[in-house]
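One structure below.
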Amino acid sequence: MNLLIMHTDSGGYDNLNYKVVASLSNDNAQSCPFYDDLRIEKIENFDDTYTFSVPEDRQEAFALVAGAFILFEDESEKYRLFRIYSESSRAIGNIHSKTVEAENAFINDLYKTVVAKSKLQNVDFSEAMAHILALSGWEVGNVEWLGEIRSLEFDGTTNAQEELQNLINTYRGEIDAYVKVKNGRIVGKYFDLVEKRGRDNKGRRFEYRRDIKGVTRTKVDTELYTAIKARGKDGLTFASINNGLDTLYDVEANEIYNDGREYLVKYFEYETEYPSALLAAAREELNRVNHPIYNYEVEPALLDETTGYDEEPVLLGDSVRVVDFAMQPEMTVSARVIEKQTSYSNVGANTVVLGEYVELDNDVPGLIQKLQSQLTDVSKNINPVYRLEIFSSNGIVIKNGVGDTQLTARVYKDNVRIFGEPHQYKWEKILPNGTHDTVWEMANEGVGQSIYCNAIDFVNNVSYKCSFLTDEYNYVATAYFKTEVNRVIGEVNKLRTSNSIVIPFITDTHYATDAFEDQQAKLRSLYHINNVVEVTHQIKCDVVVHGGDIVDGKTSNYLNKANLKTVVDALNESDCPVMFAKGNHDDNGLGDVRTAGNQMTACTKPAEMKPILSKNYIKSNIVFSSIDNANYCYYDIKDKKVRVFVLDSYDLRYDLLGSDKKNKYQSRKFGAYQKAQINWLIEQLKNTPKDYKILTFHHYAMYGAASQDDTPIINSEIVAGILNAWQNGKSYSGKGTNSDFAVTVNVDFSTRGKGMWLAALNGHWHSDKAKREGLGNVPTIMSICSLGARDNDGNNRALGTTVEDGWDIIVVNLDTNMINLVRFGANAATKPVRSYSGGVS
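Just so we're aligned, residue 27 is where the sequence shown starts under our numbering, counting upward by one.
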């Protein structure tokens, strides 16, 4: 471990002019040693200090003065820069030592930076931080989306350190500050903005008598509540979407922890203008406070660093497990490393402080687990009997239209009452005309076993229905969607063989939280995403593809990014890799027209969109280009020798204005393939193994397979020509006709031989279509929109029914190249399976 001592003329503020003047090391007998060192890192408020001592008579000690800097690489493999703010001398016998105290230079620079006066409208965490640190010399590194959009005001009198604390409290984000070093010189100072630092679920375990010196557990119920009364901005409530009630109640928690007495009500404030967001926040808060908690005092020791345990170093923010099997009842909890104390000269002094404890189920010992597994095998053919009964708190008679009531569903499994989890109870409200009150149903999603009903509903013959989804279904939102999941799984299992691939394909979800039209339909698209996720957890799928128009894109850039992240995070819950195509709505071009005069200031540009869509690409082995920020990639299904391409048919430029001083290539009017994407495609086709087949997905169909009159896709004919040449094993030459998207192609696949292009699959048209035009007789297959509105096949996509959703599970028999699309939802009654011969017919 080396500590570099650095000086700078400016004290390190706002520049990178640091010079190494000395070094300290305990690894070389000739070097100046350091000792009694202790680094203390804390999650809260980003507190990071370092104290150490050196022999005072060494030349290096003279360089250790207030204002000097210390640089070293820590166990996270990041370089840390500390500024010395205090120096002192002491003598013990004949030994004279110099002790210095330092803090992370990020903290010091913040203290010296005055934040410019400004009013920021509708900004997220990263944008607010960029303003605060604009004069500090620090840059934004890794950025995650954090919370709601907010408006902030700075009066020009506060420093960045104070404003940082305000931001952390507002957004509840966590930061990490570090520097980058090249050839011994600091080349950049960066900070990351993340929801949580550290690594999750690494399996690291702190066990009593090994990693824990002592542990105390105390049960506390002073923060126990069984109801939440919430208020948003300007007194906003969620009563309009919660059956007229402005309070959430937890019947089960009140019975268990409060003996059924008067509800323990917590008053809760949440800054939002949307009832749905307020309701969601209130539910999250109620789930947090509706049970007693245990407080734990754990004294850990990092014994692996002193006695040779083969485990990775613990990092600040890491999630770990803490166990004590001798405690009664046995203790198994998860926790986070919220503080870490590290000595680089004496690893025996290393320790951590754990916090944010969450109780876990204990591990089942191996012998018992084996017996349970054998019992499970025997009982697989014995289906349990479930029974559900609904009880009314005010009986079944409503007099004179008066008498609100609470309906409670009780579930029995083989005549034993079970409670399950709140998300397993699926309540439906059916109006006299047979349609569903989808607003009410969404508002009561996940409420659990009880709901409140107005007497007027019974007078008007409104019906309430509750279904209980058993443990193996964790994502579907309704019982009728569960039934449809089971139906399509049955169809897939009939079609798949040992040499088939299975690809759920959903497109045109148009998710929106503030839609101008069809608000309920666009909100419910998230249910449709969960239907796809459920299928991947019920049967083996190879990859999921979203065909684009992920969101509706008629809002602000900030909400558009938030909506994109919501859908992407939800679909990434799938039990297989997930790929996303970009649609013409996804860049918020329509929102830019409506809110910013088509000046591109409200567009979600590629550099903002790509990190959201490609969030899980690396860990899923999805290959994408780092040359630009367009959204194109491929994934290899290696055991089946298939390469799946997702291309970006809206690879537009966002730096050009037309003669009218507005966006020259607005996404509702144009699509495009730029030169970088085209060259990337050529290289990947050349590199595709000769025995591999390919599938291509892109939002808008290619040249020759769809009209280019309404929406010209610039250079689409070039891409089609390249793919045709690849499948035919021939050469191709082409030149783009638009100088703003200039490209010239000369490619020869003749030495490779013919390739098998199974099909091109698209969305956009909100209709089921298929044709063999323009792509050398390769089928272009288009699928209906998942959005439960405005389907161009003439379907009545009634909300609250199976047909509000619509998407396909693609099953390709690689022995015959037969492509079968199993339909979920709309059009399934007439075309449950669409079948096409893949490749050139």
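Think of the CB as a built atom: it goes at the ideal place given N, C-alpha and C, for glycine as much as any other residue.
Beta-carbon gap between residue i and residue j smaller than 9 Å
i	j	result
I807	Y862	yes
L193	A256	no
K580	H611	yes
N583	G617	yes
Y275	S476	yes
G781	S742	no
F775	L673	no
V577	Q692	no
P715	K666	no
I529	V570	yes
D819	A796	no
A279	L271	no
N269	N459	no
L190	L136	yes
Cβ-based burial, residue i [other Cβ within 10 Å; buried from 16]
i	result
G574	buried
R413	exposed
F445	exposed
A503	buried
V126	buried
Q700	buried
H725	buried
R600	Per the sequence presented here, residue 600 reads as Ser, with Arg not at that position. By the 10 Å Cβ count, S600 comes out buried.
L683	exposed
Y293	exposed
S675	buried
L397	Legend: pLDDT at L397 = 41, less than 50; position of this residue unreliable, no value from coordinates given.
Opening and closing residue of the alpha helix (DSSP H) in which residue i lies
i	result
A307	P301 to V315
R778	Where R778 is concerned, there is no enclosing alpha helix (DSSP H), given that its DSSP letter is neither H nor E.
F132	A131 to K138
L8	No answer is possible for residue 8: it lies beyond the span of the chain, which begins at 27 and ends at 867.
K701	K701 to N713
E868	For residue 868 there is no data in the structure shown, the boundaries of the chain being 27 and 867.
E743	S742 to N754
Member of the options whose CA lies at the smallest distance from the CA of residue i
i	options	result
V169	V571, E221 and P458	E221
Q432	L457, F417, V166 and A156	F417
K695	I739, K666 and H724	I739
A92	F108, E200, S360 and K566	F108
S112	E165, F78, S812 and V465	F78
N209	V465, Q147 and Y44	Y44
D344	N459, R225 and L380	R225
I66	Y76, P59, K664 and C58	Y76
I110	V514, V848 and L30	L30
Helix, strand or coil at residue i according to DSSP, with G and I counted as helix
i	result
L433	strand
E543	coil
D834	strand
E565	Per the sequence shown, the amino acid found at residue 565 is Ile instead of Glu. Coil, per DSSP.
M468	helix
I644	coil
A824	coil
M27	coil
Y506	helix
K45	strand
G261	helix
S419	coil
L380	strand
S266	helix
N372	coil
Q187	helix
Q395	Note that Q395 scores 45 on pLDDT, short of 50, meaning its location in the model is unreliable; the coordinates nonetheless yield the value given after this. Residue state, collapsed to three classes: helix.
T621	helix
Continuous beta strand (DSSP E) stretch holding residue i: start and end
i	result
G448	One detail in the question is off: residue 448 reads as Pro in this sequence, not Gly. Note, P448: premise wrong, no beta strand (DSSP E); not H, not E.
G214	R211 to V220
D612	Looking at the DSSP string, D612 is not in any beta strand (DSSP E), and its letter there is neither H nor E.
Q147	S144 to V149
P637	Unbroken run through P637 is the alpha helix (DSSP H), P632 to L639; no beta strand (DSSP E).
V672	V668 to V672
A796	K795 to K797
I807	T806 to M808
Any C-beta of chain D under 9 Å from that of residue i
i	result
V149	Note that chain D does not occur in the displayed structure, where there is just one protein chain.
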